[in-house]
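Chains as they are written, first to last, in this note's numbering: chain A, 996 to 1238; chain B, 595 to 901; chain C, 6 to 319. Positions of the beta carbon are idealized from the N, C-alpha and C atoms, including for glycine. Let me begin by presenting the structure, written as structure tokens, before commenting on it.
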Amino acid sequence: MASMSILETKGLTKTFGGLSANTNIDFSLTRGKITALIGPNGAGKSTFVGMLSGRITATAGSVHFDGVDISNLPAFKRIGMGIAYTFQITSIFPGLTVQRNVELAARRALSLPKSEILDAVDEVLQRVDLLDRKDQKAADLSYGHQRILEIAMGLIQKPKLFILDEPTQGLADAEVEQFIELINSLAGKSTILLIEHNMDVVMRAADHIAVLNFGELLAEGTPKEIQENKEVQNAYLGKTTDA
Amino acid sequence: MEFGPHLMLASLEGAVIAAVLALTAMGLSIVFGVMRVVNVAHGEFFMLGAVIAWTVAYSLGAHPAIGFLAAIIIAPLLVGILAGAADRIILQKINYDPDRTIVVTIGLLYIIQQTTLMTFGPDARPVEPPFNQRLALPWFEFGESGFQLYWPWGLSITSYKLFIILAAITLLIGLWLLMTRTRIGLVMRATQQDSEMAGAFGVPVKSVYAWVFGLGAGLAAIGAVLIVPVQQAHYLMGNEPLLLSFIVVIIGGLGSLPGTVIAALLIGMSDGIISVFFSPTLAKIIATLLVAMVLVFRPQGLMGKLQ
Amino acid sequence: MNDELRVYGLHVGIVGLLLISYFVLPEYHSGNLARIMVLAVYAMGYNLLFGYTGLLSLGHALFFSSGMYGLGLAMYHMDFAVPSGILMGLLAALITSTVVGFLALRTSGVAFMIVTLMFAQAGYLTVLYFGEFTRGDEGFVLQQSERVIGSLDLTSPAGRYFAALLLFAICFFLIMYIVRSGFGLALIAIRENEERAKMLGYDVVTLKLKAVVISGVMSGAAGAAYALLFGYAGATFATVQYSIFPLLWVLLGGAGVTIGPLIGTIFMFYLIDYSSSLTMAYMLVAGVVLVLLTLYAPQGLAGELRRSYFKWLP
């Protein structure tokens, strides 16, 4: 019996020295939906996602994934449970080929014989339109292509939860379109958590939006609800909402 | 000699070691603090200071005091210039990449050391101190008439060793003033904090680096010139100062002047004291393992800042 | 697959070449080659950690000398026979590399270099401290009569050479296998981007520890073999210099290439052999080579070959 929410946090808090970056966040991600996490700069989004992925240790509170308490698990174990993660600043293996990059992601995640892994790699590269570049060194790709490569590395893991940290930053318009298509094609199969500043992407791709402000969960709801929320408007007042 | 006077003697010897060590280690610390690179050839700059001092004194052939005076001016200058050149020619080219800098400075170590071997030779050569009176030191005891001073036989220090301690203190104060009160010091500290920002504000970062590298080497050279009348000049004499400087800088906290001085005192004194009472080898084993453990469990050292 | 054949062919070919070299080369050179092969095993152990995992240790002399003294002390003081001596050497290397691994891997980058350097230095000083047993810098000699396995005399030129070749071949093929396995690829991933590897689900901490231990034991095997085949153990092999040598050999030959260590060791050996006939200061060559390599050819010989012509080199 799979519950409605794949990820739940209770009272998740992070303090650095005297400063509280995240305070008492109760949050849950609905299975199969695309949720966007937004908020002004400094709202604590990166810290929150850091605590979800395990890169940052929480000061207090708990994280449950797929019914399991992962609060004390190191990051690599959480990933192993079916979470894929892309970094805010693209993080791939620059000295290795495109193909090798995806292969490394696949080998850990899929228990398949080598030839099938290589087929799966080709398939995913085809899907993101990077197949013709598969023997290129990743460092030689354009920034936009590197970002897409990183997404491909996430896709091949067939993750239960896919966390993307500002995925469209640095992408050209055409690439942003490609990204939205990709994300929408995953709907229902994976649960997706996007941290985004690009409101256009958020409004078009997200089923659900959560707003963080000053380290606290300010509001949650459908894109329409959030757009009309007065408090959210105030939080963003004076700040540009485009990346 | 009884324990008390013996301990005092050991402490004084330790103080001399600490004085020279503080200067040498500061050189290493400044380079790491400002440039973020580890200079494995640092000990060789120390050695060069001693070797050049011998060469200057020998060539002049005059009264030891004159030779010494000339040496303490010329040696650090020459060593500093050499270091600055090495920075420009080699370190700049590899863009101060941490891994490659370590490897390249290892190469530099062998180049400097072996060239010295070829020119200076494998022998240890003495340098005469500029002055060297024996000063008897008092110890106290509680006799029939209460607190009394007496002069135990064997408890003495030479005026020159006293000079080393005083000279080191003066130089360190001067260095501290340079770093905190002058514009040059400000520039150095700014570059240490954030080299990109400093560059954006018009600080010639590359030149600063060359100067800092030269300064670091020069400090080591001064330390060597101070100690060479006590030890002797030898082409391998850079190894131990290198290791000890590492130990001091790591325990004291990379980039922290007060930390380095305190750690130098600690290491110098304990090296002196432990060596007198126990085996010097054991002392070194303990010190070496201590450094490793500090790095593993408390990487910011005593007073450095966690990065 | 074409590449797979090439890789196997190359490695088998090299071992075969080394095999026939014994019969073709004059004794001076085959004697050198025996020494070179043992040192190349040390270099290969180092390469696994440095070239493939990206961890620069400045303290591998600790592992080499652990093997050397493990075997040496057991045979010299406790009359162990050769096979159990070898086991002792390997055990000593296993223990030191596991302990150092656990501690040193809590640091990274420059701190890791210094911590490994410090542990090695402590090891050297400990050898000196227990000079009664180890004879310190002077070292001790293992009698010829003891260095036999049954009727096999390891002190004869042939015995030495083929024992060294056997060790080399085993380690050479082992490395070839490891670096092309999933484990090896994971190490390469750590080298290329440790954080990314972690966030793909790789247990980076355990992987690095395994790399240190395998690297350390292989280096220890070389140390034990050196004592066994050349009959001598001394504190020189625990000094910083012997931690720098494998770095030098690997950088010169090509880091992260299986054939790099062998190439680098051969080159450096003969370079130093030649320059020590010219001057006492033969390490000058080592210094110059290090500087030039870092500035102009950081990939090393085999590395440049792989980059330009033979992309399939593992």
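Going by C-alpha positions, C:P303 is about 39 angstroms away from B:I666.
Residue B:M712 holds the alpha-carbon nearest to the alpha-carbon of C:L283 among B:M712, B:E834, B:G678, B:Q686. At the C-beta level, B:A814 and B:G621 come within 7 angstroms of one another. Pairing B:F807 with B:V614 gives a Cβ-Cβ distance that is not under 7 angstroms. For C:M73, no CB of chain A lies under 7 angstroms from its own CB, so it is not counted at the interface with that chain. Check the Cα spacing between A:I1029 and each of A:Y1231, A:I1204, A:I1151: the tightest is with A:I1204. Rounded to the nearest angstrom, the Cβ distance from A:A1200 to A:I1178 is 5 angstroms, consistent with a contact under 8 angstroms. Of all residues in the stretch 688–702 of chain B, only I688, P692, D693, R694, I696, V697, V698, I700, G701, L702 place a beta-carbon less than 7 angstroms from a beta-carbon of chain C. Residues of chain C whose Cβ lies closer than 9 angstroms to the Cβ of B:L876 are, in chain order, L130, Y134. Fully enclosed alpha helix (DSSP H) runs of no fewer than 4 residues occupy 799–821 of the stretch 796–832 of chain B, in order along the chain. Residue state for C:R312 is assigned as helix, using DSSP reduced to three classes.
A residue is called buried once 16 or more other Cβ atoms fall within 10 Å of its Cβ, and C:S71 is buried on that count. Proximity of chain A to C:R201 at the Cβ level (cut-off 7 angstroms) is accounted for by S1086, I1087, F1088, in chain order. Taking a beta-carbon distance threshold of 7 angstroms, C:V20 does not count as an interface residue toward chain B.
Under the DSSP assignment, B:A659 falls in the alpha helix (DSSP H) whose first and last residues are 658–680.
Shown here, B:Y690 sits in coil according to DSSP, grouped into three states, outside any helix or strand.
DSSP places B:A647 within a helical segment (H, G or I) once states are collapsed to three.
In the pairwise beta carbon analysis, the stretch 151–163 of chain C is classified as touching the stretch 79–91 of chain C: at least three pairs are separated by under 8 angstroms. Nearest CB-CB separation between C:E137 and chain A: not below the 7 angstroms threshold. Boundaries of the beta strand (DSSP E) harbouring A:S1000: 1000–1011, taken from the DSSP string. The residue among C:G18, C:A174, C:I119, C:L172 with its C-alpha nearest the C-alpha of B:P893 is C:I119. If you draw a straight line from the Cα of B:F640 to the Cα of A:I1087, it is about 43 angstroms long. For the 7 angstroms CB-CB criterion, C:L63 and C:L122 form a contact.
Between C:V218 and C:S102, the C-beta gap is smaller than 7 angstroms, which places the two residues in contact. Taken in chain order, the members of the stretch 178–209 of chain C whose beta-carbon sits within less than 9 angstroms of a beta-carbon on chain A are G187, L190, A191, I193, A194, R196, E197, N198, E200, R201, A202, K203, M204, L205, G206, Y207, D208, V209. Ranked by Cα distance from A:F1174, the options A:Y1080, A:L1213, A:G1139 are led by A:G1139. Interface annotation, A:F1043: not in contact with chain C, CB-CB separation never under 7 angstroms. Here B:K755 is buried. Its C-beta has 16 or more other C-beta atoms within 10 Å. Boundaries of the beta strand (DSSP E) harbouring A:D1160: 1156–1160, taken from the DSSP string. Ranked by how close their Cα comes to the Cα of A:V1171, the residues A:E1226, A:L1068, A:V1197, A:G1013 have A:V1197 in first place. Using a Cβ-Cβ cut-off of 7 angstroms, B:T882 is close to M123, Q126, A127, L130 of chain C, given in chain order.
Neighbours of A:A1070 in chain C, taken as residues whose beta carbon is under 7 angstroms from its own, are K203, M204 in chain order. Look at A:R1102: its C-beta is under 7 angstroms from a C-beta on chain C. Within chain B, no residue has its CB atom less than 8 angstroms from the CB of C:M49, the nearest being about 19 angstroms off. Under the three-state reduction of DSSP, C:W254 is assigned to helix. Residue burial annotation: C:P31 is exposed, with fewer than 16 other C-beta atoms found within 10 angstroms of its C-beta.
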